[in-house]
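See below for the structure under consideration.
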Amino acid sequence: MGTKEKISESLVLEEDVKKLSEIILFNDDVNTFDHVIATLIDVCDHTPEQAEQCSLIVHYKGKCTVKTGEYEDLKPRCSKLLQAGLSAEIV
């Protein structure tokens, strides 16, 4: 293996691997399906179908991952979910 290949291989190995986080939405007895769906469309950029599926999963399973990404992107989104009265956290 030549020097050029070794340097190239080293650069690939040294790349920063960014850890992805998740926003978890939790079930509650307060918010309507319509409110949850509209909020997920607005805040998490869900399609109507995605938002509806997530709302059903939250209802029946108690929680659902609604967005995955870098923490810095998720933090303001989670804050907006909380401001809308939903129960969510970043993990």
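Heads up: the sequence shown begins at 1170 in our numbering, then just goes up one per residue.
Think of the CB as a built atom: it goes at the ideal place given N, C-alpha and C, for glycine as much as any other residue.
The structure presented is a predicted model; accordingly, all values stated were derived computationally and were not measured.
For secondary structure counted as the beta strand (DSSP E) over 3 or more consecutive residues, the region 1227 to 1258 holds these complete runs in sequence order: 1232 to 1238. Residue pairing by DSSP places Leu1225 opposite no residue, since no beta bridge is assigned to it. Within 10 angstroms of the beta-carbon of Ser1224 lie 16 or more other beta-carbons, which makes it buried.
A straight-line Cα-Cα distance of about 10 Å links Arg1246 and Gln1252.
Assigned with DSSP and collapsed to three states, Leu1194 falls in strand. Shown here, His1215 sits in coil according to DSSP, grouped into three states, outside any helix or strand. Here Leu1189 carries a coil assignment [DSSP, helix/strand/coil]. Here DSSP, grouped into helix, strand and coil, assigns Thr1208 to helix.
Of all alpha-carbon atoms in Leu1189, Ile1193, Asp1203, the one lying nearest the alpha-carbon of Lys1230 is that of Ile1193.
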